[in-house]
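**Student:**
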Amino acid sequence: MKAFYTFLISCLIGTSLFAQFPQNIYTDASYTPFLYGVASFDPTDSQVIIWTHITPDNNTQTSITVTWEIATDSSFLNMVQSGTIVTDTTRDWTASVDVSNLNAYTTYYYRFQAPNGNYTRKGRTRTAPSASGISNVSHLRMAVASCSSVFSGFFNSYQQIAQRLDLDVVLHLGDYLYDFVDPDEEIRVPQPYPTSPVTKQEWRARHQYYLMDPDLRLARQVHPWIVTWDNHDTDYNGSTTQAEESREAFLEYVPMRLITPTDTKKIYRKFSYGSLVDIFMVDILLYRNVDNLPSGDPSILGTTQYNWLTTELQNSTAKWKLVGNQKMMCGWSVANIPTFFPVTLGNGSVLDTKSWDGFDAARDRLLDFIENNNIDNVMVLSGDAHVSMASDLHQAPTGSGYNGNTGSGSVAVEFLPTSITRGNFDEMGYPGWVVTAVEGYMATANPNQVFSNIVDHGYGILDLKSDSAIAEFWYMDILNETTSQTFETGLLLKDSENHWHRTNMNTPTNPKDYSGTLTSSKKIEMPSRDAQLTVFPNPSDGQFSITFELKKAEELSIDVVEVATGKLVKTVLKRSFGANEKQKIAIDLRDLSAGSYYLRLKGERLETGKVIVIK
51 MKAFYTFLIS CLIGTSLFAQ FPQNIYTDAS YTPFLYGVAS FDPTDSQVII WTHITPDNNT
111 QTSITVTWEI ATDSSFLNMV QSGTIVTDTT RDWTASVDVS NLNAYTTYYY RFQAPNGNYT
171 RKGRTRTAPS ASGISNVSHL RMAVASCSSV FSGFFNSYQQ IAQRLDLDVV LHLGDYLYDF
231 VDPDEEIRVP QPYPTSPVTK QEWRARHQYY LMDPDLRLAR QVHPWIVTWD NHDTDYNGST
291 TQAEESREAF LEYVPMRLIT PTDTKKIYRK FSYGSLVDIF MVDILLYRNV DNLPSGDPSI
351 LGTTQYNWLT TELQNSTAKW KLVGNQKMMC GWSVANIPTF FPVTLGNGSV LDTKSWDGFD
411 AARDRLLDFI ENNNIDNVMV LSGDAHVSMA SDLHQAPTGS GYNGNTGSGS VAVEFLPTSI
471 TRGNFDEMGY PGWVVTAVEG YMATANPNQV FSNIVDHGYG ILDLKSDSAI AEFWYMDILN
531 ETTSQTFETG LLLKDSENHW HRTNMNTPTN PKDYSGTLTS SKKIEMPSRD AQLTVFPNPS
591 DGQFSITFEL KKAEELSIDV VEVATGKLVK TVLKRSFGAN EKQKIAIDLR DLSAGSYYLR
651 LKGERLETGK VIVIK
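Under our numbering, the first residue of the sequence shown is numbered 51, with each subsequent residue one higher.
Written as structure tokens, this is what we have:
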């Protein structure tokens, strides 16, 4: 990634190195020097981590003191806490504060301020409910995501997740970012072509590039996140130094409340959401093959983490026990696919030996523990596979102890929403009949897979109540920017049954009433991007024609800004425009150097734009 990082640095210091950004990639220029937005992580009933990044005014600054504020209203009239934090190059100018002494199950608003007085966007977060008192709840909703390559498509799913203000938290199960561009999925690739990061600075640059996507920034701004990493997020196979530095870079941009702050390998942790839900985030990336089981087989969790998880599961009094991990736990046999079939999957026996299928003894040991200790309502949440799957979990799903028609005998269940963008069978180029046939063969070999979809992309919604849990699959186009989404299906899990119901739901669950978490009627204002903006030709020699139409009349500023730094290059015009009137404006930018720029339309309500390229 050296060429790509050099390019980013060149943008930051203002050189004329030519670069081309794909569509919908730009920094948050309106809030300079906070170009990468705000975010919050790891909520508890009294704490939440708030985050931002500040870009120095020049390369001679050695440190910057950033002010932070948190309030119960978006106007910051009811400020509950504030403080300062010093950041510098050792943390790549990121600033994260673990705010404590907060009220349980309350929506808070937060922001940061630079020394020059400029503020970040207003962030919105929510603490978890407590297990007792007025904040204990009987209804929670969560988004579940994984495998989000900015190069493989548009982050439309993040945009939709951001719009769901009733969500309590976003769970990301790994491959939050990608170290390389898949050559079969070159949908949004900048030039120069990105290569895999090696150094700490290159990993930092990759995180910054991801945060040039406005949909990811918005989802991080609006909801608290709980995240684990997977193999594409860090250099886990590199040297000790490279692996450590990649983890440090990850934690700079996606902070976690570590059990041992100095041990970046130890990211497994627990979150309690009242008496309704306990979430156990585990890490099978760094602990696989570290220890052996008593049987001599390799462990996927390691001894210490296994003991922690089983103790927590046994002691949990929550209705639902969610185990968030990176890989598919249910078995995925491919043994009955005919050898003449034009598809080669896995090793001929199972699809992926890097998942729990490669550690079947460790999987059986965990399921045995759950079964033998009569622990009900365990749901494993998984990523990595790039497909949609709702499965029952059993030690021998093709044996007599489990009935695939009814789910009888199931020990726990698994919910695996598809990838945000990363490729699956659809990107492999197989015709529809091949995909249908593969799904048929796999259904026969894997009776515990209650629902599967191996071609679509999107995210999951988990709706949890005291008597039931519903897992929903939502799909979106990744090849074009869109706000249109499709509800595929929902699956029902009833209290203490430990298996998915076989009748899928045709309508989604209703949004949850979240008014009880607000101490003020004011909500965060998310700018509209709906102006039907088009730019033609693009690229061009500097002469562009732009068209747009506003739903409401307002004054707009049409600006040209640098994509990477957010620096204002010029204001093309500033005036009022009427509603429902087709606007067509010719702009001449031939005085600018060749390169990528962001053409921004900004008003009180509207904020949108397009990346333009001057040849």
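Think of the CB as a built atom: it goes at the ideal place given N, C-alpha and C, for glycine as much as any other residue.
1. For the structure I just gave you, are there three or more beta carbon pairs, one from the stretch 555-567 and one from the stretch 461-481, closer than 8 Å?
2. Please name the residue or residues paired with Leu-466 in a DSSP beta bridge.
3. So does the stretch 295-303 actually touch the stretch 109-118, counting three or more Cβ pairs closer than 8 Å?
4. Could you give the DSSP three-state label for Thr-291: helix, strand or coil?
5. Are Arg-307 and Gly-87 closer than 7 Å when you measure CB to CB?
6. Would the stretch 504-514 and the stretch 233-245 be scored as touching if the rule is three or more Cβ pairs under 8 Å?
7. Which residue or residues does DSSP assign as beta-bridge partners of Trp-370?
8. Could you spell out where the alpha helix (DSSP H) holding Trp-253 opens and where it closes?
9. Rank Thr-615, Met-262 and Met-331 by C-alpha distance to the C-alpha of His-222 and give the top, closest one.
10. Quick one: any contact between the stretch 402-413 and the stretch 167-174, if contact means 3 or more CB pairs under 8 Å?
11. Does DSSP classify Leu-482 as helix, strand or coil?
12. Where does Asn-422 fall in DSSP's three states?
13. Whether or not the stretch 200-211 and the stretch 342-357 are in contact is what I'm after, with contact meaning three or more pairs of Cβ atoms, one per stretch, closer than 8 Å; do they touch?
14. Once the 5 residues before and after Gly-224 are set aside, which same chain residues still bring their CB inside 7 Å of it?
15. Can you give the Cα-Cα distance for Leu-372 and Val-463, rounded to whole angstroms?
16. For Ser-571, name the three-state secondary structure that DSSP assigns.
17. Residues bridged to Asn-503 by DSSP?
18. Buried or exposed: which applies to Leu-623, given that a residue is buried once 16 or more other Cβ atoms fall within 10 Å of its Cβ?
19. Contact defined as beta carbons within less than 8 Å: I believe Trp-370 pairs with Met-429. What is the distance between those atoms, to the nearest angstrom?
20. Report the partner residues of Gln-593 according to the DSSP bridge assignment.
21. For Ile-387 and Tyr-491, I'd like the C-alpha separation in whole angstroms.
22. Can you grab the Cα-Cα spacing for the pair Lys-544 / Asp-234, in whole Å?
23. In the DSSP assignment, find the unbroken alpha helix (DSSP H) run with Ser-207 in it and report its ends.
24. From Asn-287 to Tyr-76, what distance separates their C-alpha atoms?
25. Give the straight-line distance between the Cα atoms of Ser-441 and Lys-665, rounded to the nearest whole angstrom.
26. On the DSSP bridge list, what partners appear for Ser-146?
27. What does the alpha-carbon distance come out to for the pair Phe-91 and Phe-71?
28. On the three-pair Cβ rule with 8 Å, is the stretch 314-331 touching the stretch 178-186?
29. Restricting to Cα atoms, I'd like to know which of Val-488, Leu-600, Ile-211 and Arg-254 is closest to Met-526.
30. Which residue from Val-147, Asn-74 and His-273 puts its Cα closest to that of Thr-102?
31. If I follow the unbroken beta strand (DSSP E) through Trp-524, where does it start and stop?
32. Roughly how many whole angstroms lie between the Cα atoms of Glu-612 and Lys-660?
33. Grab me the residues of Asn-342's own chain with a C-beta within less than 8 Å of its C-beta, minus the 5 sequence neighbours each way, in chain order.
34. For Pro-264, name the three-state secondary structure that DSSP assigns.
35. Under 7 Å Cβ to Cβ from Pro-305, same chain only, skipping five residues before and after it: list those, please.
36. Tell me whether Gln-111 sits in a helix, a strand or coil according to DSSP, three-state version.
**Tutor:** Reading it off the structure:
1. The stretch 555-567 makes no contact with the stretch 461-481: fewer than 3 CB pairs, one atom from each, lie closer than 8 Å.
2. When beta bridges are read from the DSSP output, Leu-466 appears opposite Met-439.
3. At 8 Å Cβ cutoff, the stretches do not touch.
4. It is helical.
5. Arg-307 places its beta carbon 7 Å or farther from that of Gly-87.
6. Touching, no.
7. For Trp-370, the pairing in a beta bridge is given by DSSP as Val-327.
8. Taken as a continuous stretch (DSSP letters only), the alpha helix (DSSP H) holding Trp-253 covers 250-260.
9. For the residues Thr-615, Met-262 and Met-331, the minimum Cα distance to His-222 belongs to Met-331.
10. The stretch 167-174 and the stretch 402-413 do not touch, with fewer than three beta-carbon pairs separated by less than 8 Å.
11. The amino acid occupying residue 482 in the given sequence is Gly; Leu does not appear at that position. Here Gly-482 sits in helix by DSSP.
12. If DSSP states are grouped into helix, strand and coil, Asn-422 belongs with the helices.
13. Contact fails: fewer than three Cβ-Cβ distances are below 8 Å.
14. Spatial neighbours of Gly-224 in its own chain (CB-CB distance under 7 Å, excluding positions within 5 residues in sequence) are listed in chain order as Ser-196, Thr-278, Trp-279, Asp-280, Asp-283, Gln-376, Gly-433 and Asp-434.
15. When rounded, the distance between both Cα atoms is 10 Å.
16. In this prediction, Ser-571 scores a pLDDT of 43, lower than 50, which makes its location untrustworthy; no coordinate-derived value is stated.
17. DSSP lists Ser-438 as the beta-bridge partner residues of Asn-503.
18. Looking at its Cβ environment, which holds fewer than 16 other Cβ atoms inside 10 Å, Leu-623 is exposed.
19. Right, their Cβ atoms sit about 6 Å apart.
20. In the DSSP assignment, Gln-593 forms a beta bridge with Asp-638.
21. Looking at the two C-alpha atoms, the distance is approximately 6 Å.
22. If you take the alpha carbons of Lys-544 and Asp-234, they lie about 41 Å apart.
23. The continuous alpha helix (DSSP H) containing Ser-207 extends over residues 206-213.
24. One C-alpha to the other measures close to 31 Å.
25. Those two C-alpha atoms are separated by around 52 Å.
26. Under DSSP, the beta-bridge partners assigned to Ser-146 are Trp-101.
27. Spanning the two alpha carbons is a distance of roughly 29 Å.
28. Contact between the stretch 314-331 and the stretch 178-186 is present: 3 or more CB-CB pairs across the two stretches fall below 8 Å.
29. With distances taken between Cα atoms, Met-526 lies closest to Ile-211.
30. That would be Val-147, whose Cα lies nearest to the Cα of Thr-102.
31. Bounds of the beta strand (DSSP E) holding Trp-524 are 518-526.
32. Computed Cα separation, rounded: 12 Å.
33. Short of 8 Å from the beta carbon of Asn-342, and not among the five residues preceding or following it, lie these beta carbons of its own chain, in chain order: Pro-348 and Ser-349.
34. Pro-264: helix per DSSP, three-state reduction.
35. Hits under 7 Å: Phe-91, Ile-99, Trp-101 and Ser-146.
36. Three-state DSSP puts Gln-111 in coil, outside helix and strand.
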